[in-house]
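These notes concern the structure reproduced below.
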Amino acid sequence: MVPLSLLRYDVRDREVTPVWLGPHDHGWLRGLLDEYERFVGRPRWELRRRLSEPLPVEGSSWRIDVARDVLDGLWPLEVGGQVRPRVARAMLFDEAARGLVGTRDELIARVAGGLGIEPDVLREALFADLPGQRRLAALEPPISPLELELRSNLAIAQSILFRASAVRIELAGRARDVVRYAKLRGLVCTVLPGDDHDAAVLEISGPLALFRRTLAYGRALASVLPRLSWCHRFVLRADCLLDELPRTLVLRSGDPIFPASEPIAFDSRLEKRFARELAAAAPDWDVIREPEAVPAAGTLIFPDFAVQHRIRPERRWLIEIAGFWTPDYLVGKLRRLREARLENLILCIDEERNCAAEDLPAGARVVRYRKRVHPTAILAILEERQPSLHPMARRSETMLP
361 MVPLSLLRYD
371 VRDREVTPVW
381 LGPHDHGWLR
391 GLLDEYERFV
401 GRPRWELRRR
411 LSEPLPVEGS
421 SWRIDVARDV
431 LDGLWPLEVG
441 GQVRPRVARA
451 MLFDEAARGL
461 VGTRDELIAR
471 VAGGLGIEPD
481 VLREALFADL
491 PGQRRLAALE
501 PPISPLELEL
511 RSNLAIAQSI
521 LFRASAVRIE
531 LAGRARDVVR
541 YAKLRGLVCT
551 VLPGDDHDAA
561 VLEISGPLAL
571 FRRTLAYGRA
581 LASVLPRLSW
591 CHRFVLRADC
601 LLDELPRTLV
611 LRSGDPIFPA
621 SEPIAFDSRL
631 EKRFARELAA
641 AAPDWDVIRE
651 PEAVPAAGTL
661 IFPDFAVQHR
671 IRPERRWLIE
681 IAGFWTPDYL
691 VGKLRRLREA
701 RLENLILCID
711 EERNCAAEDL
721 PAGARVVRYR
731 KRVHPTAILA
741 ILEERQPSLH
751 PMARRSETML
761 P
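Position one of the sequence shown corresponds to residue 361 (our numbering), numbered consecutively onward.
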């Protein structure tokens, strides 16, 4: 986290806009990266001493400190030397405990001789695992000034977000991944319908709204930010306390922050296989991964798939695969599906879940499966005929009242 003293932002009517690094900073960012690369294999304290001096290309001191903070967290370190420091210290202490007469240098010489190394090598190994003595390793893959700029901007935004009491994120497109990730990280959040069919609103309690574990919670909240870049559009508003004054941080699509890795397309191998096999079995239908959310009881449901006929788009079904869920999660999911009263829902239930008929959404088509969702069972529903290609599919479909 970037210290508060390094944060720079503009304030207009309580609205905070961070001062970002940009292309004009690439010159000194390249110089900073060159210094880190030049000190690969050398102790960290030597690099720190060098960076206390001016860089070949000048930059604002606070910007350099932010970029250094990012690089220090990103750059790998290793313990050098021919002997592990703990082993070297243990052997030296054991030799000293024997009580043999001699000076410190003689003691080191005896232990070094037993190890078959020079005394200076042993001296270097004794404290090689201290933070300042650790050596810089090569950063693979190397990063560019542009990536360092974006990572620094992300760190600035995350550090401001760390001081939030409440966060509201308006999402459009690929909202499901953000919602799922927020809940996975244990954030206190509510999901609401947005203004458009593919939009959602995520309201999250901030670290300052909690009474304990604010550090871990703040990190979890900050980790959501880079995932927003994969949404089609987003607007984040966070109520923050900066310099003891209430402020509102506003971030939008297009802000120059480093994105997370692309979200995985499927939650499980089961879903991936199902999508592939259904697309092959139903060439007249489009299989849509993560379609628009469905409002239900004041929140949103995110179906796993939608299937839509290419010529007759009004023939559209939503598919939900209830697989490796916990019992409590399954109960809540089924309750929300019942409240949604969807008439075009196909619910695939793992036979091992033993769900009773009264637990399932009324009117839904239910396909029970074991290890694999057979596409012929789904295709039979899409085409409104009984499956005939697979014996498992023949007995798997049930129609609920």
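The beta-carbon is built from N, C-alpha and C at its ideal position, and this holds for glycine as well.
- Here DSSP, grouped into helix, strand and coil, assigns residue 386 to helix.
- Residue pairing from DSSP leaves residue 455 without any beta-bridge partner.
- Residue 733 is a Cβ neighbour of residue 634, given a cutoff of 8 Å.
- About 13 Å separates the beta carbon of residue 664 from that of residue 652, a gap too long to meet the 8 Å contact definition.
- Here residue 380 carries a coil assignment [DSSP, helix/strand/coil].
- Bounds of the alpha helix (DSSP H) holding residue 518 are 505 to 521.
- With a cut-off of 8 Å on Cβ pairs, the stretch 397 to 407 is not in contact with the stretch 367 to 380, counting fewer than three such pairs.
- The stretch 425 to 437 and the stretch 527 to 542 do not touch, with fewer than three beta-carbon pairs separated by less than 8 Å.
- Using a Cβ distance threshold of 8 Å, residue 647 and residue 641 do not count as a contacting pair.
- Here the stretch 505 to 522 does not lie against the stretch 546 to 565, with fewer than 3 beta-carbon pairs under 8 Å apart.
- Of the candidates 411, 483 and 421, 483 places its Cα closest to the Cα of residue 445.
- Ranked by Cα distance from residue 645, the options 614, 617, 666 and 416 are led by 666.
- Listed in chain order, the alpha helix (DSSP H) elements of length 4 or more contained wholly in the stretch 411 to 437 are 421 to 434.
- In the three-state DSSP reduction, residue 634 falls in the helix class (H, G or I).
- Shown here, residue 463 sits in coil according to DSSP, grouped into three states, outside any helix or strand.
- Secondary structure note for residue 610: it is in no alpha helix (DSSP H), and the uninterrupted beta strand (DSSP E) holding it is 605 to 612.
- In the displayed model, residue 362 falls within coil according to three-state DSSP, outside both helix and strand.
- In the displayed model, residue 655 falls within a strand according to three-state DSSP.
- With 16 or more other CB atoms across the displayed protein chains lying within 10 angstroms of its CB, residue 519 is buried.
- Burial state of residue 537 is buried, judged by a 10 Å Cβ sphere holding 16 or more other Cβ atoms.
- Annotated three-state conformation of residue 539 is helix, per DSSP.
- Annotation for residue 436: 497 place their beta carbon closer than 6 Å to its own, counting only its chain and skipping 5 residues before and after.
- Put simply, the backbone Cα of residue 592 is about 29 Å away from that of residue 576.
- Distance between residue 612 and residue 594, taken at the CA atoms: about 6 Å.
- By the C-beta criterion, the stretch 450 to 467 is judged not to be in contact with the stretch 381 to 393, since fewer than 3 inter-stretch pairs fall below 8 Å.
- Its chain contains 580 as the residues whose beta carbon lies nearer than 7 Å to that of residue 546, once the 5 sequence neighbours on both sides are disregarded; these appear in chain order.
- Shown here, residue 679 sits in a strand according to DSSP, grouped into three states.
- The beta carbon of residue 550 sits closer than 6 Å to those of 563, all from its chain and outside the five residues before and after it, given in chain order.
- For residue 493, DSSP records no beta bridge to any residue.
- Ranked by how close their Cα comes to the Cα of residue 426, the residues 489, 510, 464 and 504 have 510 in first place.
- Within the same chain, 637, 638 and 641 come within 6 Å of residue 735 by CB-CB distance, once the 5 residues on both sides are set aside.
- DSSP places residue 477 in the coil class of the three-state scheme, outside both helix and strand.
- In this structure, residue 395 sits near residue 410, with a CB-CB distance shorter than 8 Å.
- According to DSSP, residue 586 shares a beta bridge with no other residue.
- Residue state for residue 619 is assigned as coil, using DSSP reduced to three classes.
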